[in-house]
Amino acid sequence: MLKMTNDRSTIAAGLAVLKVLEAWQVDHLYGIPGGSFNSIMDALSAERENIHYIQVRHEEVGAMAAAADAKLTGKIGVCFGSAGPGGTHLMNGLYDAREDHVPVLALIGQFGTTGMNMDTFQEMNENPIYADVAAYNVTAVSARTLPHVIDEAIRRAYANQGVSVVQIPVDLPWQEIPQDSWYASAINHQKPLLPVPDPDLVKKLTQQLVDAKRPVIYYGIGAYTAGKELQQLSELLKIPLMSTYPAKGIVPDSYPAYLGSANRVAQKPANEALAQADTVLFIGNNYPFAEVSNAFKNTQHFLQIDVDPAKLGKRHQAEVAILADAKATLQQVLEQVSEREETPWWKANLANRKNWRDYLNKLENKQFGELQAYQVLKAVNDIADEDAIFSIDVGDINLNANRNLNLTPKNRHFTSNLFATMGVGIPGAIAAKLDFPDRQIFNLSGDGGAAMTMQDLVTQVQYHLPAINVIFTNKQYAFIKDEQEDTNKNDFIGVEFDDIDFSLVAKAVNMKGFRVTKIEDLAPTFAKAKEIAKTEPVLIDAVISGDRPMPVEKLQLDPAKFSQEEIDTFVKRYEAQDLRPFADFLKEAGLSVRDAENSEGGF
57 MLKMTNDRST
67 IAAGLAVLKV
77 LEAWQVDHLY
87 GIPGGSFNSI
97 MDALSAEREN
107 IHYIQVRHEE
117 VGAMAAAADA
127 KLTGKIGVCF
137 GSAGPGGTHL
147 MNGLYDARED
157 HVPVLALIGQ
167 FGTTGMNMDT
177 FQEMNENPIY
187 ADVAAYNVTA
197 VSARTLPHVI
207 DEAIRRAYAN
217 QGVSVVQIPV
227 DLPWQEIPQD
237 SWYASAINHQ
247 KPLLPVPDPD
257 LVKKLTQQLV
267 DAKRPVIYYG
277 IGAYTAGKEL
287 QQLSELLKIP
297 LMSTYPAKGI
307 VPDSYPAYLG
317 SANRVAQKPA
327 NEALAQADTV
337 LFIGNNYPFA
347 EVSNAFKNTQ
357 HFLQIDVDPA
367 KLGKRHQAEV
377 AILADAKATL
387 QQVLEQVSER
397 EETPWWKANL
407 ANRKNWRDYL
417 NKLENKQFGE
427 LQAYQVLKAV
437 NDIADEDAIF
447 SIDVGDINLN
457 ANRNLNLTPK
467 NRHFTSNLFA
477 TMGVGIPGAI
487 AAKLDFPDRQ
497 IFNLSGDGGA
507 AMTMQDLVTQ
517 VQYHLPAINV
527 IFTNKQYAFI
537 KDEQEDTNKN
547 DFIGVEFDDI
557 DFSLVAKAVN
567 MKGFRVTKIE
577 DLAPTFAKAK
587 EIAKTEPVLI
597 DAVISGDRPM
607 PVEKLQLDPA
617 KFSQEEIDTF
627 VKRYEAQDLR
637 PFADFLKEAG
647 LSVRDAENSE
657 GGF
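Heads up, our numbering is the position in the sequence shown plus 56, with the first residue counted as 1.
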C-alpha cells in the first residue's frame, strides 16, 4: 500500500494508523466490521502478519477484552466499532476501563466526510456520546493528520490511565498521505517517576505504627509490587493485613495474618478487625465504600501512602500522608523497625482468622448434600496451576472467589472492580489467553453474567484459545437477590430466571462441555477439563444451590447483641455451628470489646 506520487513516497492513511499501533506494541485488537469501518478493515487485511484482528460476536465483548488486556499487561488495549450501534455497544467495556484506570483506545467508524452532517444512514454527532467516558475524544478531519491523532490518543490514554476515543470518517483511511508526514512517538514513551518518600514523614508514620495498640494494614491494588514488604512488616510488628478485593493475592491467601477484605465482598475477620482497630495504615487504596459504610469511624490514627496526590485524605482525614510508591516507602519503614513480641491484638486476630478458615474449609470439603459454590471452587483450586490466571465475572462469584479461591503472588486475577459490569468473565479469558498463551486460564462466571456474553464462547473456539470456563448455575442474580432480601419490603422480583444448560451452549459452538450436579462428580470432571484445556477450550456448568453466602457485614453470632433464637437461626442457615464472634477471641486475649461495628454501605 506504498505508492510513489511525483517522486514522493505515499502511504494509505489507514495503513499508517496500523503502523502507529504497532509502534506502540499493539499486536491485536477486537471488533466487528461495518460499512463505516471498512477502510480500516482493508488496512488490517494488508497488515495481517503484524497485527491480529480478533473478530468478536458483540462489540461489548471486544471493549471488555481490551480493558482486560490493559489490566493484565499494562499496555494499551484496542477495540473498535462501526458508526452508531457498533460504537455504542462498546460503552460498558470503555466504562470498565475508565473506572479501573487502565489505558484503552476505541476506534469508532463514521460516515464519510462527503455525507457527514447530512442526516445520512447511521450518521450522527458521535463526540457527545463518548464525552463522559473518554479523557481524549475527537473526530478525525483529514487523512494527513489521522496518524497523528491516533498517536496523540494513545499518549493521552497512557497519561490519563483511561480511555481515548477517535471517530474516523470512512473515506479518510483510504486516502494516500506523504510517507514523511507522520511518525509514532512510542519510542519516547516513559512512565512517570514515582515520588520519593519524605524521610521525616516516614519516621513519623513508623512511630505511629510502633505505638499502636490495635493496628491493621489495609492495602489496595496500588501496593501490587509490595507484597514481600507488606508481609515482612506484618511479621515484624505483628500487624494483621487486610486488602481490597482487587488486591487479593498480593500477599498469599495462606498467610495466617491475612484477614481478607471488608464490607460485603469480604471476609469475616477483616470486617471485625476494622471495627475494633485504633490505627489504620492505608496503602495504595481507594476503598469505594469508606464513607458510606463509615468504615473508619472508630479509627483514631489514619496513616496513608499513595502515589496519587488526589487520593491522599480522600477516604478519611490522614494524620500522616506520604506521597510515594508503596514498595519504596515500606522499605524505608522496615529499616527503622525491629521485631516485637506477639501482642494480644495479634493473637486474637490470628485465632479469629483460623476459626474462619476452618469454617470455609469445612464447606469446601463437604462430601454430601446439595452441590454448592464452595465445593466447585475447591475443585478449581485442585486443578489450578501455580501461576494460573483467573478472569472473574461480577456477582456472587466475586464474593465466593474472594473467600474460597486460593491465590499467591504468582497468580493473576481480575474483574470489573469499580464499574462492576456483568459479563466480563468470558471476554477476560479471551484476552488473558492472547496475552499469556502458555499459562492456564480460567473464566469463573455466574449464570447471570455468562448469559450476557455467552455468544463469545465461540471466539475462544475460533481462535484456538484454551481456557477453562466454569459457570456457576443457580438460576438467579444471586447477589442482587440478597440485596433485595436486605432492603425490599416485597417478594423477590426480577432476580430469578429459567435454566440454561451451558454445557449444551458449549457443544453448540464446538466446545467440549460438561454439566455437574453432584459433589462426587467434581473431581473427575475437572480432571478431564484440565487435560482438554491443554489444547482447546472447555466448559463446566456446575449446577449449585441457591444458598446465600454468609453476609459477613451482618453477622449474628454475638450473644451480647443478639438473642439465642437469632443466633441459632443464623448459624443453621449458614452452617456455622463452629464459627465464633471476634469478641470471644478479644476476651480470651485479655482485650476489651468495643461497641463498634461498620454499616454495610450498599445501595
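The beta-carbon is built from N, C-alpha and C at its ideal position, and this holds for glycine as well.
Remember, predicted model here, so these are calculated numbers, not experimental data.
query: Is Ala119 near Val158, with beta carbons less than 9 Å apart?
result: Numbered from 1 along the sequence shown, position 63 holds the residue referred to as residue 119. Numbered from 1 along the sequence shown, position 102 holds the residue referred to as residue 158. Going by C-beta atoms, Ala119 is not nearer than 9 Å to Val158.
field: Cut-off 8 Å between Cβ atoms - residues of its own chain near Gln217, not counting five sequence neighbours on either side
entry: On the sequence shown, position 161 is the one that residue 217 refers to. Answer for Gln217: His157, Val158, Pro159, listed in chain order.
field: Collapsed DSSP secondary structure at Ala79 in the structure displayed
entry: On the sequence shown, residue 79 is found 23 positions in, with the first residue counted as 1. Residue state, collapsed to three classes: helix.
task: Indicate whether the contact test is met: 3 or more Cβ pairs, each with one atom in the region 236-253 and one in the region 366-382, closer than 8 Å.
output: yes
- prompt: Should Ser349 go down as buried or exposed, given a rule of 16 or more other Cβ atoms within 10 Å for buried?
  reply: Within the sequence shown, the letter at position 293 stands for residue 349. Residue environment: Ser349 is assigned as buried (16 or more neighbouring CB atoms within 10 Å of its CB, all protein chains considered).
Reference Glu442, options Phe358, Asp651, Asp309, closest by Cα: Counting from one through the sequence shown, the residue named residue 442 turns up at place 386. Out of Phe358, Asp651, Asp309, Asp309 has the C-alpha closest to the C-alpha of Glu442.
message: If distances are taken between C-alpha atoms only, which option among Lys643, Arg604, Phe641 comes closest to Val627?
response: Stepping through the sequence shown from its first residue, residue 627 is reached at position 571. For the residues Lys643, Arg604, Phe641, the minimum Cα distance to Val627 belongs to Arg604.
query: In the structure shown, what three-state DSSP assignment does Val436 receive?
result: Here residue 436 corresponds to residue number 380 of the sequence shown, with the count starting at 1. Of the three classes helix, strand and coil, the one that applies to Val436 here is helix, per DSSP.
- prompt: Straight-line CA distance for Ala240 to Leu77?
  reply: If you number the sequence shown from 1, residue 240 lands on position 184. If you number the sequence shown from 1, residue 77 lands on position 21. Roughly 8 Å separates the two Cα atoms.
- prompt: Can we say the region 192-212 touches the region 145-153, given the rule of at least three CB pairs closer than 8 Å?
  reply: no
- request: Taking only the alpha-carbon atoms, compute the straight-line gap between Val393 and Ala313 and give it to the nearest angstrom.
  value: What you label residue 393 is simply residue 337 of the sequence shown in a count that begins at 1. What you label residue 313 is simply residue 257 of the sequence shown in a count that begins at 1. Their Cα atoms are separated by approximately 19 Å.
Burial state of Gly646 (16 or more Cβ within 10 Å): Translated into the one-based positions of the sequence shown, residue 646 becomes position 590. Classification of Gly646: exposed, given that the 10 Å Cβ count is below 16.
query: Roughly how many angstroms separate the alpha carbons of Gly140 and Ala122, rounded to a whole number?
result: If you number the sequence shown from 1, residue 140 lands on position 84. If you number the sequence shown from 1, residue 122 lands on position 66. Distance between the alpha carbons of Gly140 and Ala122 is about 20 Å.
task: Give the single residue among Ala616, Ile600, Asp438, Lys269 whose Cα lies nearest to the Cα of Asp334.
output: Counted from its first residue, the sequence shown places residue 334 at position 278. Relative to the Cα of Asp334, the nearest Cα in the group Ala616, Ile600, Asp438, Lys269 belongs to Lys269.
query: So, helix, strand or coil for Gly451, using DSSP?
result: Within the sequence shown, the letter at position 395 stands for residue 451. Coil, per DSSP.
task: Sort Ala213, Val336, Ala209 by Cα distance to Pro271 and report the nearest one.
output: Counting from one through the sequence shown, the residue named residue 271 turns up at place 215. Per the Cα distances, Val336.
As assigned by DSSP and simplified to three states, the class of Asn350: Here the question's residue 350 lines up with position 294 in the sequence shown. DSSP places Asn350 in coil when its eight states are reduced to three.
- prompt: Is Arg629 buried or exposed, if buried means 16 or more other CB atoms sit within 10 Å of its CB?
  reply: The count along the sequence shown starts at 1 and reaches residue 629 at position 573. Per the 10 Å Cβ criterion, exposed.
field: Proximity to Leu386 [Cα-Cα], best of Glu587, Ala187, Leu261, Gly130
entry: Taking the sequence shown and counting its residues from 1, the one referred to as residue 386 is at position 330. Leu386 has its Cα closest to that of Leu261, out of Glu587, Ala187, Leu261, Gly130.
field: Rounded Cβ spacing between Gly70 and Trp230 (contact assumed at less than 8 Å)
entry: Along the sequence shown, read from residue 1 onward, the residue named residue 70 stands at position 14. Along the sequence shown, read from residue 1 onward, the residue named residue 230 stands at position 174. So it is a contact: roughly 7 Å between Cβ atoms.
- prompt: In this structure, does DSSP put His245 in helix, strand or coil?
  reply: Here residue 245 corresponds to residue number 189 of the sequence shown, with the count starting at 1. Residue state, collapsed to three classes: coil.
- prompt: Within this structure, are the beta carbons of Leu513 and Pro637 separated by less than 9 Å?
  reply: Within the sequence shown, numbered from 1, the residue matching residue 513 stands at position 457. Within the sequence shown, numbered from 1, the residue matching residue 637 stands at position 581. For Leu513 and Pro637, no; Cβs fall outside 9 Å.
- request: Work out the CA separation of Glu103 and Leu490 for me, nearest whole Å.
  value: Along the sequence shown, one-based indexing puts residue 490 at 434. Along the sequence shown, one-based indexing puts residue 103 at 47. For Leu490 and Glu103, the gap between their C-alpha atoms comes out near 18 Å.
- prompt: What is the rounded straight-line gap between the Cα of Pro493 and the Cα of Asp362?
  reply: Position 437 of the sequence shown, counting from 1, holds the residue named residue 493. Position 306 of the sequence shown, counting from 1, holds the residue named residue 362. The straight-line gap from Cα to Cα measures roughly 33 Å.
Proximity to Thr581 [Cα-Cα], best of Phe470, Phe553, Gln388, Asp438: The count along the sequence shown starts at 1 and reaches residue 581 at position 525. If we check each option's Cα against that of Thr581, Asp438 comes out closest.
- request: Along the alpha helix (DSSP H) that carries Glu328, what are the first and last residues, could you check?
  value: Residue numbering aside, residue 328 sits at position 272 when the sequence shown is read from its first letter. Counting along the chain, the alpha helix (DSSP H) containing Glu328 begins and ends at 324-332.
- request: Count the other CB atoms, across all protein chains shown, that sit within 10 Å of the CB of Ser290; report buried if there are 16 or more and exposed otherwise.
  value: By 1-based counting over the sequence shown, the position of residue 290 is 234. So Ser290 ends up on the buried side.
- request: Classify Phe498 as buried or exposed, calling it buried when 16 or more other Cβ atoms lie within 10 Å of its own Cβ.
  value: Your numbering for residue 498 matches position 442 in the sequence shown. Buried, since its Cβ has 16 or more Cβ neighbours within 10 Å.
- prompt: What's the gap between the Cα of Glu285 and the Cα of Asp557?
  reply: Mapped onto the sequence shown, residue 285 falls at position 229. Mapped onto the sequence shown, residue 557 falls at position 501. Going from the Cα of Glu285 to the Cα of Asp557 covers about 46 Å.
query: Count the other CB atoms within 10 Å of the CB of Phe424; is the residue buried (16 or more) or exposed (fewer)?
result: Position 368 of the sequence shown holds residue 424. The residue is exposed, with fewer than 16 neighbouring Cβ atoms inside 10 Å.
field: The beta strand (DSSP E) enclosing Tyr274, as first and last residue numbers
entry: Here residue 274 is taken as the residue at index 218 of the sequence shown, counted from 1. Tyr274 -> beta strand (DSSP E) spans 271-275.
message: Going by DSSP, what residue range makes up the alpha helix (DSSP H) through Leu416?
response: Position 360 of the sequence shown, counted from the start, is the residue given in the question as residue 416. 400-420 is the extent of the alpha helix (DSSP H) around Leu416.
field: Bridge-paired residues (DSSP) for Pro225
entry: For the purposes of this step, residue 225 is taken as the residue at position 169 of the sequence shown. Per DSSP, Gln166.
DSSP three-state assignment for Phe492, whether helix, strand or coil: Along the sequence shown, read from residue 1 onward, the residue named residue 492 stands at position 436. Shown here, Phe492 sits in coil according to DSSP, grouped into three states, outside any helix or strand.
message: If the criterion is Cβ atoms closer than 9 Å, does the pair Gly142 and Ile110 meet it?
response: Here residue 142 refers to the residue found at position 86 when the sequence shown is read from its first residue. Here residue 110 refers to the residue found at position 54 when the sequence shown is read from its first residue. For the 9 Å CB-CB criterion, Gly142 and Ile110 do not form a contact.
message: My assumption, with CB atoms under 8 Å, is that Leu433 sits in contact with Asn460. Please give the rounded CB distance.
response: Residue numbering aside, residue 433 sits at position 377 when the sequence shown is read from its first letter. Residue numbering aside, residue 460 sits at position 404 when the sequence shown is read from its first letter. Their Cβ separation, rounded to whole angstroms, is 4 Å, which keeps Leu433 and Asn460 in contact under 8 Å.
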